[in-house]
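Heads up, the thing below is written out as structure tokens.
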Amino acid sequence: MFNFRQNINTNYGFVLFMNRGIIAIAVAGLLITAGVIGVFFLTQKSAKGEVNLTSRALEVYGNADGDSDVDENDAKLVERYISALSTKNSSEMEKFVADNNFNTKLADANNDGVINSQDVAQIRAVVNRQAERLWLVDGSGADRSVRLNIQRIGAEYYANTELCLILGLADKIVAVDNAPYLYKDFYFTPAQQANITNLVNMNTPDYPFVNELDLDILLTFYNTSYDVKQEKIIGTDVIYLGLYNPDMSNAEGSNFIQGILKAGYIFGAVDRAEEYASWVLETRDKLADIAKTIPEAEKPTVLMSNYPNSYFISPDTKTATVYCYTDPLGQACLLGGGKNIGQSLYGDEYAKSLSKVSQVDALFNDDNLTAIDHIFLHMVKYTYGGTVVAGVPDHGYLAQNEDEIATAWQNAVSSDHTLLVDMDPNDVRLIAGDFRNGPTGAVLLGAYIGKIINPSYYSDIDPAAIHNHYINHFLGIADYDVKTDGVFMYHLDA
Ligand SMILES: [Ca+2]
Ligand SMILES: [Ca+2]
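Residue numbers (the working numbering): 3 to 496.
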């Protein structure tokens, strides 16, 4: 077996302008809209041109001033609050809270219901990594605490595994479930692989087996059976970070960005987490800035759908999924300057939905009202349940050739699919599940889509370079180049 992690870069260079949750970037201009639907809120900047990574308080206890970080400013503010308590009356205290954006919930750093000097000490201990535990609000909105001495990490599915790599934690990962385990030659060095156990199916875990692994923390993929996992896996902090729904239309307000930043505090990699979050936001802004310059009438119409369980894998299936506004696939379409067919099909429901299922006849009739210019078909081969989906071709980081995907593509566009006759089959593409199931939000896929469907507008965007930067710089995997390695997107002329 070959291995891409021969030269792992553990000495991450931090961006020089980085500074605890506030990133100064020299970009002029602000957002605004491209029609009522398809609005992306671009990065909000202060009067000084600084960027906030979160539009709401980072939900880590100790964040007394309600910004995007926990730092010495929070400790000082809690000291001032305690001191004010002894001299001010209640209306003066209300003014203090309002004037300082004082977050009375998060200021209680040890979450014991009282704000006192112990919280000041806890904040400083969080900052210098001396705290025994950290309290935070998880991706489901529930209070949790985690021990900070973390040596043995379990990570579920691609997003959590890749986030751990981004934060430089590969040496501490001791268990992943089946899907990332099958990617081990891509993710891990041979030495790291020797430490890693396959958790197999974490949708319905084998609890005695998981307990034997003595994990300090388990990053869970989704919040179903979250409480059961916490109860049954003894002595392990089970945490749902909330990476599942990135919501690039309002990433600063999303659990996705919050989850990345919270992981920085859990694992002692705050600068790295902030660097990654800011890269996602900057890349999103770059793409959205281009998309908004394209006149609505010029935007190609795009169907974001999937290959398995659909009309595209078997014409006997009469329905197809249409990914809508709130799904990362729908958002990638918008970041690439596409008009999502779901908008005209579903009206108001489009903006509220992850996906809907339509009869194929409604998508591919000949009335020209629903003409589709491009189709992108998302694929998942290895599921969270530890299964392999039948009929889905090999794709992604470790795919070694295009044989299987070429056959699948021929199937998807074959003459049996008579309703596709009005389309150029080369405008149908199969896309790797990695785009949606990793922790990149919609930005990687959005860059690819923009370059394909609006090449002149996205002429300065180099999707392969963005993807390689993600792999080489953020995942820390050297000797990998998406121009020659892996299979991520396919049509006949690819
Ligand atoms: Ca703060
Ligand atoms: Ca307290």
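Note that CB positions come from ideal geometry on N, CA and C, so glycine has one too.
For H376, the enclosing beta strand (DSSP E) starts and ends at 376 to 380. Straight-line measurement puts the Cα of F437 at about 20 Å from the Cα of A414. Bridge pairing for W137: S147 [DSSP]. Per DSSP, S360 is one residue of the beta strand (DSSP E) stretching across 357 to 361. Taking non-hydrogen atoms of ligand 1 into account, the C-beta of S251 is found less than 8 Å away from none of them. K341 carries a strand assignment under DSSP once its states are collapsed to helix, strand and coil.
CA-CA distance, Y313 to D363, rounds to 11 Å. Residue selection by CB proximity (closer than 7 Å to any heavy atom of ligand 2) returns D110, A111, N112, N113, D114, G115, V116, I117, N118, Q120, D121 in chain order. Rounded to the nearest whole angstrom, the CA to CA distance from I84 to E134 is 23 Å. Between D481 and the set V489, N470, V382, the nearest pair of CA atoms involves N470. Under DSSP, R431 takes part in a beta bridge, and its partners are F378. Scanning D121, N162, I296, S93 for the CA closest to the CA of F269 turns up N162.
Using a 10 angstroms sphere on the CB of A293, the tally of other CB atoms reaches 16 or more, which defines it as buried. Taking a contact to require three or more Cβ pairs closer than 8 Å, the segment 372 to 382 and the segment 159 to 174 do not qualify as touching. Residues I463 of the same chain have their beta carbon placed closer than 8 Å to that of K288, with the five preceding and five following residues left out of the count. The beta carbon of I455 is closer than 8 Å to those of P302, V304, G338, G339, G340, D375, H376 in its chain, skipping five residues each way along the sequence. With contacts defined as CB atoms closer than 9 Å, L379 and P427 fail to qualify as a contacting pair. Not one heavy atom of ligand 1 sits closer than 8 Å to the Cβ of D101. In the structure shown, the three-state DSSP call for L201 is strand. The criterion of a C-beta distance shorter than 9 Å is satisfied by D487 and Y399.
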